[in-house]
Each structure stands twice: as C-alpha cells, then as structure tokens.
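Here this note's numbering is used: position 109 in the sequence shown is 109, and no number is missing along the way. Let me begin by presenting the structure, written as structure tokens, before commenting on it.
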Amino acid sequence: MLENWEQERGRVEFEIYVHKELYDLLADIIFRTAFGSSFEEGKHLFELQQQMHMISEAFKKFIYSWLQRFLPIKKNRERWRIEKEIGKSIRMLIATNIKAKDNSEILLSLLMSANKNQQGEEEMFGEEDIIGECKTFYFAGKETTANLLAWALVLLSFHQEWQDKAREEVVSIYGHSPPSAEDYLTDLKIVNMRLNETLRLYPPVVLMTRKVCKNVKLGSLHIPAI
C-alpha cells in the first residue's frame, strides 16, 4: 500500500482515498490470517458485507420496531438473502481450506480443531459456530481497525509534532526496516499513546450485543437460549 502511495507521489497533484485503502489492506491481512487466501479470493464476501452495512444504515433512518425484524418487507428480504449468501461463501471457503487443519497458523484450522472444556472433555465447534466466528473476526475486525487507523492518521495530520515524535520513536527502535512479527510493538510507547487517544476520541464500537445460543446459568441467574 505504501509503495503504491510512493509511486503516486511522483505526480504534481494526486488524491488518495485513505479509508478505502486501509479497508482493502486489512481485508487482505484478515483473510490471509483466517483462511490463508488473498483479498481477491474474498472480494465477493467483502462486497456482501458492504451491502449489509448499507442496509443497516438505511434502517437507522426510520422507526424500526423489533417486530419488523421478522416481517418479509423488502429490506428484510434483501438482508436475509445477503446473510444466506455470506454463509454460503464462508462454507465454500471452509470446504476449500479443509486441509488447513494441518496448518496451525491459520485461524480456520484452530476453529476446526478440538479443544478441552472445563470437565476435560473434547469439544469442537459446529459449522454454524465456525461461520459465526469467521463473520465476527472478518467483519468486525476489518471495520473497527480501519476506522481506528483512518482517524489516527487524521489526528496525526492535525498534530504534526506528534507525528514527528512517533516517527522518531519507530526509527530509534526498528531503524528504517519494517518490524517483523517477532518484534514487540508494545515498545512503541508514543505510537500506542496516540492509538489509545484516538480510541478515546473516536471509539469504533459504541455498542455490542450478544445472543444466547443455549441455556446458561451464571450463579443464581438462569439465562434461556433465544
């Protein structure tokens, strides 16, 4: 991404849509981490997510009661179609990456492997559980991180003295070569300070909801499945 920006800088005047560039970069990173494939292979899934986001934004513009979620109105039918297609796309990725079980570096292989519960019994995620985890990891991870980085760049452009301090810190620790996966990014105190300040000013998530899939008991509280 930065190499492409450097090539564009040779022109007298140019404009870069940074937010979209970050979206594409993070989608590529997340897809490689989750499925071991490139962004191009997940482009259709990315486009479906964008359509779902537009529908969700449209719902905010009019009064939408909880009952309307179950009515076969036009927007609901479109939302259900996209959700079904997203599930189908992820199932196809699971099928084509079934050999990833032997590759512990891929998230999908970890989700498909067995793990022991508190009673020492082996458990495995079901297909729907894997699809749900992949949706959360891909959609939520890309959206929130892209927004965070975009706002961080905006703030650094307004406060260039902190931009200089952050650059000096990175160069003093890692030199002019990019840090590797083994390097401790926690050593970047100023960079982390700027990211935390960005999260304080422009939090990417203001609300999170959860659905109970099976009956749960928390102390004396019984929570029934939905």
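Backbone N, C-alpha and C define an ideal beta-carbon position, used for all residues, glycine too. Predicted model, so just to flag it, every value in this text is computed and none were measured.
The criterion of a C-beta distance shorter than 8 angstroms is not satisfied by Leu185 and Phe137. Exposure of Ile16 is indicated by the presence of fewer than 16 other C-beta atoms within 10 angstroms of its C-beta. Taking 8 angstroms as the cut-off, the beta carbon of Val205 is found no closer than this to the beta carbon of Ile223. Around the beta carbon of Trp5, fewer than 16 other beta carbons lie within 10 angstroms, which makes this residue exposed.
Using a Cβ distance threshold of 8 angstroms, Thr209 and Leu148 do not count as a contacting pair. Counted as a single uninterrupted DSSP element, the beta strand (DSSP E) harbouring Val216 occupies residues 216-218. In the DSSP assignment, Ile16 forms no beta bridge with any residue.
Membership of Leu221 in the beta strand (DSSP E) is indicated by the continuous run 221-223. DSSP, reduced to helix, strand and coil, places Glu121 outside both helices and strands of the structure shown, so it counts as coil. Ranked by Cα distance from Val191, the options Ala166, Glu85, Leu153, Lys88 are led by Ala166. Contact check for Lys142 and Ile86: beta-carbon distance about 14 angstroms, past the 8 angstroms limit, so the pair fails to qualify. Along the length of the stretch 166-216, whole alpha helix (DSSP H) runs at least 4 residues long occupy 189-201, reported in chain order.
The beta carbon of Asn215 sits closer than 8 angstroms to the beta carbons of His222, Ile223, Pro224, Ala225 from its chain, once the five residues preceding and following it are set aside; these are given in chain order.
For Met112, the enclosing alpha helix (DSSP H) has its first and last residue at 107-112. Where Phe137 is concerned, there is no enclosing alpha helix (DSSP H), because DSSP gives it neither an H nor an E.
Out of Leu155, Tyr174, Asp24, Ile55, the CA that lies nearest to the CA of Tyr202 is found in Leu155.
For Gln163, same chain residues with a beta-carbon under 6 angstroms away, outside a window of 5 residues either side, are Leu156 in chain order.
In this structure, Arg194 keeps its C-beta atom at 8 angstroms or more from the C-beta atom of Ala140.
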